[in-house]
Every structure is written in structure tokens, then in C-alpha cells.
Amino acid sequence: MANKESGVETISRFTRRTLIVIGLASLVAVLLFFAGQLIDVMLLVFASILVAVAIDGAVRLCQRHLPLSRPWALLLALLMICLSLVGLGALIGPRIGEQLPQLVAELPQAFLQLLNNFRELPGIETAMAEVEEPAQLIGEPVIDYFTNFFSTTFGAIASFFLILLIGFYLVLSPAKYIGNVLLMCPPAKRDRVAQVLCMQGRALRLWLLSRLVSMVFVGVSVALGLVLLGVPMAGALGLVAGLFTFIPYLGPIIGAIPTILIAFLESPQLALYALILYLVVETLESNLVMPLAAKGLVRLPPAYTVIVQLAGAAVAGVAGVILSTPLAVVAVVTLQALYINDVLGDDIEVLGGR
Numbered sequence: 001m002a003n004k005e006s007g008v009e010t011i012s013r014f015t016r017r018t019l020i021v022i023g024l025a026s027l028v029a030v031l032l033f034f035a036g037q038l039i040d041v042m043l044l045v046f047a048s049i050l051v052a053v054a055i056d057g058a059v060r061l062c063q064r065h066l067p068l069s070r071p072w073a074l075l076l077a078l079l080m081i082c083l084s085l086v087g088l089g090a091l092i093g094p095r096i097g098e099q100l101p102q103l104v105a106e107l108p109q110a111f112l113q114l115l116n117n118f119r120e121l122p123g124i125e126t127a128m129a130e131v132e133e134p135a136q137l138i139g140e141p142v143i144d145y146f147t148n149f150f151s152t153t154f155g156a157i158a159s160f161f162l163i164l165l166i167g168f169y170l171v172l173s174p175a176k177y178i179g180n181v182l183l184m185c186p187p188a189k190r191d192r193v194a195q196v197l198c199m200q201g202r203a204l205r206l207w208l209l210s211r212l213v214s215m216v217f218v219g220v221s222v223a224l225g226l227v228l229l230g231v232p233m234a235g236a237l238g239l240v241a242g243l244f245t246f247i248p249y250l251g252p253i254i255g256a257i258p259t260i261l262i263a264f265l266e267s268p269q270l271a272l273y274a275l276i277l278y279l280v281v282e283t284l285e286s287n288l289v290m291p292l293a294a295k296g297l298v299r300l301p302p303a304y305t306v307i308v309q310l311a312g313a314a315v316a317g318v319a320g321v322i323l324s325t326p327l328a329v330v331a332v333v334t335l336q337a338l339y340i341n342d343v344l345g346d347d348i349e350v351l352g353g354r
């Protein structure tokens, strides 16, 4: 009788564990499903967090050098950011405003000319003889991509201002939002989670600073170099190059394409000179500017970064590529602090740590 009751208890325990495993697996599946459905919203929120982290870095800088409370430091930081943007817009805005529409209009023409020159190479025309309209099959999708990418849409503008708005609300009272996150953690782990959140914030601030240094150097250098080479729309092309530098490694490659295409409209030789200019600028940025001007800032290994960017592109397209690297920074800090340091017991320096 006792053996029978023991067997029933064993079966009951097994059933309970099985149901728990099934329940947890179902919960994970549901969470993954909703995460997939809300991936755009989640990326928008993360972009807002990046904006808040950037503004918070300016606030901390003000408090470090001035005896100000956080509200006054926040007001001063926002005022400095607005004045900087207004001054930059007044300085280069009119010329860039004229050049960007021209750039969008001429990129398809530049690509078609490059494609036609490519077809004139020995053997290419024969290989494509069976295709009636190779330019239509190859060129039009790429032309549509460039046109859509560089054209401003209402959705992009709305998302941009929404990101700024959410980021502003986050930076107004970050302690409140962090406290709400900590409430979801076990009481014994809240202090450690708070430390990790601080590490993540510092790593993101250092990473954003490293990107800002690279973007300014690349944008200004490319624009000045193109002016000296006589490439049209040098200011707009420099702006595009600087903006794409926000995406490490893949960004500069993509940012070079418009420059080379526009230079190719003038002559193949000028396109070659523009490519050499781009290689020189990127080499200086990687090997001289960053080691000297951005010593100690956060930089991830190139292979790891590119793999993460490709994964981001597969999951969320362009937005995934743009935000994949800062997301990787957050993931690396979490992994190093909570797993390698706490679980494995290895004493390593966390990314961006002091």
C-alpha cells in the first residue's frame, strides 16, 4: 500500500514538474511572440533611452564643473544643446538644404551611369545578352532603395520627434523609472541590479561619445577633402558620411557609396580619388583620432560588432542595424557583470567600467 502511495506521489511530482516546464515554455513563447510583434516599438523606446543617456551625460558634465542642482543643470544642458543645434543649422543649414535635394535627385543617375560603364567592360555584355533590360532588373531596385532611403517621410519625422519626446521625459526623472524597474527584482538583488544599470548607462555614454568624435571627424574631413577635389555637393556628402559613421564598421562603407557615385558622374578618376580620400579618413579615424582623442571610450571588437549588425538587420531592418551596436553594449555589460563576475566568479573589468 505504501509503495502504491509512493508511486502515485512520484507520478504527481513528475506531472507537476512537467506542467511547470510546459507553462514556462509557453510563457517564453508568448513573450517572444509579442516581442516580435512589438519590435519596432521596443527599438523606438531604446532609441529614446539613448537620447536620455546622451542628455544625462551633458547634465553630468555641467554638474561636474558647476555647482548646480540637477534641475538647473538639466536646463543648462538643454539650452546648450539647442544653441549648438541652432548655431550649426545657421552655419551650414542653407547650403545643406540646397545640396540634399540635388543629391537625392542625382544618385539614381549616377548609379545608372556606373551600371552602363560596367556593361561596357569586356565580356559583361555577352554574359548579359539574354537579359532584355538588365538595367531594369538590377538598377531599378537599387535606385528605388537610394531614393527611398534619402527621402524624408512623415513617418520618419514623426518617429524622430517621438523619440525626442520620450527621451526628454525619461531624463526629467530617471530615478523614478529606474526605481520602477528595480521593483520587479527580488529585494536581495536590487542593489546589484542598480549597480548594473549604472554600469550600462556609463558604457552607453562613453560609446555615444566615441561615436560623436568619429562622426565629427569623418564628416568634416570628408567634406573638406571633397571640396579640395572639386566634387559637387561636398557639404551634403560630408553630412551623409558623418551620419553613417554612427554605425561602426558597416556605416562608413555604406556612407562612401553616395560620395563615389556622385564623383563618378564627373569622371572615373575623380571617383577613384574620392575613394582614396575616404580610405585615408577612415584609417586616420581608426588608428589616430580615436586612440588619442577618445582614450578609454567604449569600442567593441570589429567581428563581434559586424555580426551583431547583421543580426539586427535580419530582425528589424535598418533600425536594427542602427541600434544593434548600443544594444550589444548593454548586453555585454549585463553578461560581464551578472554572469562572468557574479555566477562564474571571474574578476574582470566590465565594459566601460572605471
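Numbering (UniProt numbering), first residue to last: 1 to 354. Ideal placement from N, C-alpha and C gives every residue a C-beta, glycine not left out.
Cα atoms of alanine 203 and arginine 190: separation of roughly 20 Å, rounded to the nearest angstrom. For arginine 192, the enclosing alpha helix (DSSP H) begins and ends at 190-229.
The three-state reading of DSSP puts serine 48 in helix, counting H, G and I together. The beta-carbon separation of tyrosine 249 and threonine 305, rounded to 6 Å, stays under the 8 Å limit for a contact.
A distance of 9 Å or more separates the beta carbons of serine 84 and glycine 167. Restricting attention to Met80, Leu228, Gly23, Arg16, the CA atom closest to the CA of aspartate 56 is found in Met80. For leucine 351, the three-state secondary structure derived from DSSP is coil.
In this structure, the alpha-carbon of valine 193 lies about 47 Å from that of valine 104. If you draw a 10 Å sphere on the C-beta of alanine 25, you find fewer than 16 other C-beta atoms in it, and that means exposed. In this structure, threonine 334 lies near valine 196, with their beta-carbon atoms less than 9 Å apart. The beta carbons of isoleucine 253 and valine 231 sit no closer together than 9 Å.
Using a 10 angstroms sphere on the CB of isoleucine 307, the tally of other CB atoms stays under 16, which defines it as exposed. DSSP places proline 326 within a helical segment (H, G or I) once states are collapsed to three. Two segments are said to touch when three or more pairs of C-beta atoms, one from each, lie closer than 8 Å; by this definition the stretch 38-53 touches the stretch 315-325. With a beta-carbon spacing of about 4 Å, alanine 58 and alanine 77 fall inside the 8 Å limit used to define contacts. Residue range 268-284 is occupied by the alpha helix (DSSP H) that includes tyrosine 278.
Proximity to serine 221 across Tyr278, Cys82, Ile39, Gly312 peaks at Tyr278, based on C-alpha coordinates.
Secondary structure of isoleucine 22 (DSSP, three-state): helix. By the neighbour-count criterion, in which a residue is buried when 16 or more other Cβ atoms sit within 10 angstroms of its Cβ, serine 173 is exposed. A straight-line Cα-Cα distance of about 52 Å links glycine 242 and isoleucine 20. With contacts defined by Cβ atoms closer than 9 Å, glutamine 99 and alanine 236 form a contacting pair. In this structure, isoleucine 247 sits away from glutamine 200, with a CB-CB distance that is not shorter than 9 Å. Restricting attention to Phe111, Pro302, Arg70, Leu288, the CA atom closest to the CA of alanine 175 is found in Arg70. A Cβ-Cβ distance of about 12 Å is found for the pair alanine 331 and valine 350, leaving them out of contact under the 8 Å criterion. Short of 6 Å from the beta carbon of proline 302, and not among the five residues preceding or following it, lie these beta carbons of its own chain, in chain order: Tyr249. In the structure shown, the three-state DSSP call for valine 41 is helix.
For isoleucine 39, the closest C-alpha among the options Asp347, Ala314, Asn341 is that of Ala314. Looking at Gly97, Cys62, Gln102, Val289, the one whose alpha-carbon comes closest to that of valine 213 is Val289.
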